[in-house]
Amino acid sequence: MAAILSIRDLRKTYDGGFQALKGVSLEIEEGEILALLGPNGAGKTTLISTICGITTATSGVVSVGGFDNVGQFRQARALIGLVPQEITLEPFTKVLDTVTFSRGLFGKPADPALVEEVLRKLSLWEKRDSRIMDLSGGMKRRVLIAKALAHEPRILFLDEPTAGVDVELRKDMWEIVWELKADGVTIILTTHYIEEAEAIADRVGVITGGELLLVEEKEQLMARMGQKQLEVQLTAPVEVIPAALAQHNLQIVNGGDALLYTYDTRAERTGITTLLNDVAEAGLVLADVQTRESSLEDIFVGLVSAGAASEDAA
Amino acid sequence: MNWTAVATIYKAEMARFWRTFLQSFISPVLSTSLYFVVFGSAIGSRIQEVDGVEYGAFIVPGLVMLSVITQSISNASFGIYFPKFIGNIYEILSAPINFLEVVAGFVGAAATKSLFIGTVILCTASLFVDLSVQHPLAMVAFLVLTCLSFSLMGFIIGIWAGNFEQLQLVPLLVVTPLVFLGGSFYSISMLPPVWQTITLFNPVVYLVSGFRWAFFGQADVPVLLSLCAIGGFTLACVGVIWWIFKTGWRIRA
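As given, the protein sequences belong to chains A and B, one line each in that order. Oh and the first sequence: position 133 is 133 in the working numbering, straight run, nothing missing. Oh and the second sequence: position 92 is 1092 in the working numbering, straight run, nothing missing.
Here's what the structure looks like:
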């Protein structure tokens, strides 16, 4: 697939001297869902704002569908829909009016049928004549999405679409994102919820301190960084690891009631059979065994703290 | 030019005006009527004529200017400050439009509103005094240019303002004194010689004078100078706005 968005060495230093982006390069393919994961203040919003033209880059190149986002800003911006993080809507306008406004602002001719379709897709059609201030927080977020979709963008930026949103609504948002992907829209979302990236993204980029630490297929990332653990629960607690099990690098957990074995899912042999044989030979009796996979969250915490450590060292 | 976008901004801004139509309409009518009752009748009855014009009629151009200037500034500054305050300016900044289109939409709407109010005031005034317009074309030109240039200035104030107090600051501390001291209610020939000179540094003098000339055929300063003043002021405002969008001052980090 071709890259619909290409970012090369993007840097942004704010007037105060704060370096929000320290040379970000990224290629985004058409039709994918990319989640940009990072803690607060990592530079996620600055990155999006710079691509969309709200913030001016200090240096670097952004090309949207082959158009430079500064030199050919009209063509570039026409391809982009932006859903901001904060609910920024004029309270006195009506839903239908504000969504129609967004379409016109992008220079597209009025198309009531399309606006209706967008509103129906977002379950807003019934609310079309309501004033923004009479809507719930979740509805307002939908209006923001409707506004961004009104001009039929090929790329949609969702800046923390589910921050401060309840579980139910978050699931709804994910549904919407999947439907958009099915329609062929490329989606870039920022989030600091790991489970969100894990649930909906095709690729995950980890950003912290203005640097993109990595961008990878979600599955690959999890497989690469992912470790599995096997917890062997014992009928009688142990105080020290028997010498026969020394080679397995076990940890004693639960006050001696269990042994924890960490293994690599990529390895040809996980070593589980040998371990269990050795456990039996060591005279330990199994009560139960349990495995668990490290989540994206573990990976993320590992990456971010490693990044912070290398920064401290520098 | 992205005319669809211009029309969209213009219509959205005008929609705000129609939503508050009653107050947009009633307040200038009421305040103009009050000025006429106080200045035209109560005080004007003791002043026979200024420069050969009945005092009640003499103050009409100044009154229209006073309202048009304050309305232009407040409409335009509020129009662009409001999205900045709410945050939905992101949409304008990320849309495929350039600064001319943004300005055309916002300033066009603000100028239309004040033009409407200026017309309403003129109509109200004609109920109180006999109004004759000697140079109708010049009258319209001065009115439109004033609406336009002060809407541009209002746009700049709206972008500059960081809070609602600042939004009121320039109109209150600069514009209102300039307008009141700009010969709205008197001829500058009535001032002592020193003040006549000082007053010539007040740009509003040129506007009021030119506008009054369109009505009564007489002016404090040459009409051409008035036209140049307002034209120059308009160009200066356009220049400042061009610079604002080029540098992103106060709108684009």
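Glycine included, C-beta positions come from ideal geometry on N, C-alpha and C.
Counting only the Cα atoms, residue 75(A) lies some 22 angstroms from residue 1242(B).
In the DSSP assignment, residue 193(A) forms no beta bridge with any residue. Taking the beta carbon of residue 1093(B) as reference, the chain A residues within 7 angstroms of it are 53 and 54, listed in sequence order. Neighbours of residue 1250(B) in chain A, taken as residues whose beta carbon is under 7 angstroms from its own, are absent, since the nearest beta carbon is some 11 angstroms off. One Cα belongs to residue 43(A), the other to residue 84(A), and the distance between them is close to 14 angstroms.
If you draw a straight line from the Cα of residue 215(A) to the Cα of residue 204(A), it is about 6 angstroms long. The distance from the Cβ of residue 180(A) to that of residue 188(A) is about 12 angstroms, inconsistent with a contact at the 8 angstroms cut-off. If you compare the alpha carbons of 227(A), 201(A) and 279(A) with that of residue 291(A), the shortest gap goes to 227(A).
A residue is called buried once 16 or more other Cβ atoms fall within 10 Å of its Cβ, and residue 1153(B) is buried on that count. For the stretch 155 to 172 of chain A, no residue has a beta-carbon sitting nearer than 8 angstroms to a beta-carbon of chain B. DSSP places residue 1011(B) in the helix class (H, G or I) of the three-state scheme.
Buried is the label assigned to residue 1213(B), since at least 16 other Cβ atoms lie within 10 Å of its Cβ. Below 8 angstroms, enough C-beta pairs join the stretch 1144 to 1162 of chain B and the stretch 1231 to 1242 of chain B to call them touching: three or more.
Within the stretch 1012 to 1029 of chain B, contact with chain A at the beta-carbon level (separation under 9 angstroms) is assigned to 1012, 1015, 1016 and 1019. The criterion of a C-beta distance shorter than 8 angstroms is satisfied by residue 1104(B) and residue 1006(B). Annotated as distal: residue 1192(B) and residue 1120(B), with beta-carbon spacing of 8 angstroms or more. Following the DSSP letters along the chain, one finds residue 1133(B) in no alpha helix (DSSP H), marked with neither H nor E.
Remark: three or more beta-carbon pairs, one from each stretch, lie closer than 8 angstroms, so the stretch 125 to 132 of chain A and the stretch 93 to 102 of chain A are flagged as touching. Buried is the label assigned to residue 1149(B), since at least 16 other Cβ atoms lie within 10 Å of its Cβ. Of the other Cβ atoms in all chains shown, fewer than 16 fall within 10 Å of the Cβ of residue 262(A); this residue is therefore exposed. For residue 137(A), the uninterrupted alpha helix (DSSP H) run begins and ends at 137 to 149, by DSSP.
Residue contact check for residue 112(A) against chain B: no CB pair falls below 8 angstroms.
Take residue 282(A), set aside five residues on each side of it, and the residues of its chain with a beta-carbon closer than 7 angstroms to its own are 242, 244 and 245, in chain order.
By the C-beta criterion, the stretch 218 to 237 of chain A is judged not to be in contact with the stretch 46 to 66 of chain A, since fewer than 3 inter-stretch pairs fall below 8 angstroms. For the stretch 174 to 238 of chain A, the full-length alpha helix (DSSP H) segments reaching 4 residues or more read 194 to 200 and 218 to 225 along the chain.
Taking a Cβ-Cβ cut-off of 9 angstroms, residue 1081(B) has no neighbours in chain A, whose nearest Cβ is about 13 angstroms from it. In the DSSP assignment, residue 1058(B) falls within the alpha helix (DSSP H) that extends over 1055 to 1086. For residue 259(A), the enclosing beta strand (DSSP E) starts and ends at 258 to 264. Beta-bridge analysis with DSSP links residue 94(A) to 131(A). For residue 1126(B), the closest C-alpha among the options 1110(B), 1182(B), 1113(B) and 1057(B) is that of 1057(B). One thing to note: residue 198(A) has its Cβ no nearer than 8 angstroms to the Cβ of residue 305(A).
Following the DSSP letters along the chain, one finds residue 281(A) inside the alpha helix (DSSP H) bounded by residues 272 to 281. Residue 1159(B) has a beta carbon lying at 8 angstroms or more from every beta carbon in chain A. Taking 8 angstroms as the cut-off, the beta carbon of residue 1158(B) is found closer than this to the beta carbon of residue 1078(B).
Secondary structure remark: continuous alpha helix (DSSP H) runs of at least 4 residues inside the stretch 68 to 126 of chain A, in chain order: 73 to 78, 95 to 105 and 112 to 121. Only those residues of the stretch 1040 to 1062 of chain B whose C-beta falls short of 9 angstroms from the nearest C-beta of chain A would be listed, and there are none.
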